[in-house]
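Report on the structure given below.
Numbering (this note's numbering), first residue to last: 5 to 303.
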């Protein structure tokens, strides 16, 4: 059969992906006969024994192995040895919840032709849309283009909310095409956003978007205003490093800011748009906002 390694930074999203994959592997089979799941406090030998034992009254078995705090290097070596000579009647699903994935495990997976699945959405906008389109398709839903755009923007970083949303939409609309008009009543509160969405909006001079992003960071993201201030101060401090006649190109920006490639180019472009006077104005505004947040103007 096959070995699958599922991992990702969002616990809710990872759990949903594991549940969906197990449902897919079992299909119309008898779950009680096919599935063997190891969550914690297990002996690794029991996992290998289960995966190596021919199925009873079914044509195959599904074994789910969850990494836990007690998972040792020795355990990984045992699993890696099994993967290199895996049973043809077993689908092994390994769930890696935190920490770096051991090289022994990924190497064995490559040798066996298994799949390494990262359920974390990509950060680039173009890649992110493709990732979302795949999630929607896997969930058995059909969004039109506008509905897809609305959901991506609305959920933002709160991708873990999609599993519950998908279940509700399936129950409500079935296999029909879901438009933005059908989708919007089920979206709830806007989700969190990436930290750089705020500085990107500010650098672009889009005050309205910046205010919307700040509100989402404080509400959905539960960030304290002083945390946001620290992020802004760090951003403009990076730009201040470019304030001088010696900065001519991206290489200079990389050397002075420590950023690389696209990030250095963004910083240089933002500084040139602001100029020295705009940068000084930014720090004046940050200082005023910091005093206001700390109660300087309170009576």
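Cβ coordinates follow ideal geometry from the N, Cα and C atoms, glycine included.
Cβ distance (whole Å) where residue i is taken to contact residue j below 8 Å
{"i": "residue 2", "j": "residue 170", "result": "Look at the range of the chain in this structure, 5 to 303, and you will see that residue 2 is not part of it."}
{"i": "residue 271", "j": "residue 243", "result": "6 Å"}
{"i": "residue 115", "j": "residue 22", "result": "So it is not a contact: roughly 23 Å between Cβ atoms."}
{"i": "residue 25", "j": "residue 10", "result": "7 Å"}
{"i": "residue 108", "j": "residue 80", "result": "5 Å"}
{"i": "residue 233", "j": "residue 294", "result": "6 Å"}
{"i": "residue 62", "j": "residue 33", "result": "6 Å"}
{"i": "residue 69", "j": "residue 82", "result": "Contact flag wrong, Cβ pair sits at about 11 Å."}
{"i": "residue 265", "j": "residue 220", "result": "About 28 Å; that fails the 8 Å criterion."}
{"i": "residue 268", "j": "residue 278", "result": "The pair is not a contact, with the Cβ atoms about 16 Å apart (cut-off 8 Å)."}
Beta-carbon proximity check, residue i vs residue j, cutoff 8 Å
{"i": "residue 29", "j": "residue 95", "result": "yes"}
{"i": "residue 246", "j": "residue 263", "result": "no"}
{"i": "residue 152", "j": "residue 137", "result": "yes"}
{"i": "residue 6", "j": "residue 174", "result": "no"}
{"i": "residue 65", "j": "residue 93", "result": "yes"}
{"i": "residue 217", "j": "residue 201", "result": "yes"}
{"i": "residue 14", "j": "residue 124", "result": "yes"}
{"i": "residue 150", "j": "residue 184", "result": "yes"}
Residues bridged to residue i [DSSP beta-bridge criterion]
{"i": "residue 40", "result": "67"}
{"i": "residue 8", "result": "97, 119"}
{"i": "residue 182", "result": "147"}
Of the listed residues the options, nearest to residue i (C-alpha basis)
{"i": "residue 16", "options": "182, 162, 274, 187", "result": "162"}
{"i": "residue 148", "options": "128, 233, 181, 238", "result": "181"}
{"i": "residue 298", "options": "202, 14, 229", "result": "229"}
{"i": "residue 198", "options": "85, 274, 111, 128", "result": "128"}
{"i": "residue 142", "options": "44, 20, 78, 72", "result": "20"}
{"i": "residue 102", "options": "31, 184, 283, 18", "result": "18"}
{"i": "residue 47", "options": "218, 76, 32, 66", "result": "76"}
{"i": "residue 167", "options": "287, 160, 139, 187", "result": "139"}
{"i": "residue 86", "options": "200, 50, 12, 231", "result": "50"}
{"i": "residue 289", "options": "13, 34, 240, 221", "result": "240"}
{"i": "residue 73", "options": "43, 183, 184", "result": "43"}
{"i": "residue 88", "options": "259, 52, 223", "result": "52"}
{"i": "residue 97", "options": "41, 105, 282, 117", "result": "41"}
{"i": "residue 281", "options": "39, 265, 248, 134", "result": "248"}
{"i": "residue 105", "options": "12, 251, 268, 134", "result": "12"}
{"i": "residue 251", "options": "285, 276, 238", "result": "276"}
{"i": "residue 235", "options": "203, 189, 27", "result": "203"}
{"i": "residue 210", "options": "291, 8, 274", "result": "274"}
{"i": "residue 71", "options": "59, 45, 291", "result": "45"}
{"i": "residue 238", "options": "78, 261, 158", "result": "261"}
{"i": "residue 91", "options": "67, 110, 212, 111", "result": "67"}
Check: residue i C-beta below 7 Å from any heavy atom of the ligand SAH
{"i": "residue 96", "result": "Within the structure as shown, the ligand SAH is missing, as the structure has no ligands at all."}
For this session: Taking only runs that begin and end inside the region 228 to 279, name each unbroken alpha helix (DSSP H) of 4 or more residues, in chain order.
Result: Qualifying alpha helix (DSSP H) stretches, in chain order: 229 to 244, 254 to 261.
Problem set entry | Segments of 3+ residues assigned as beta strand (DSSP E) that fall wholly inside the region 88 to 127 | Runs of the beta strand (DSSP E) inside the region 88 to 127: 94 to 100, 119 to 122.
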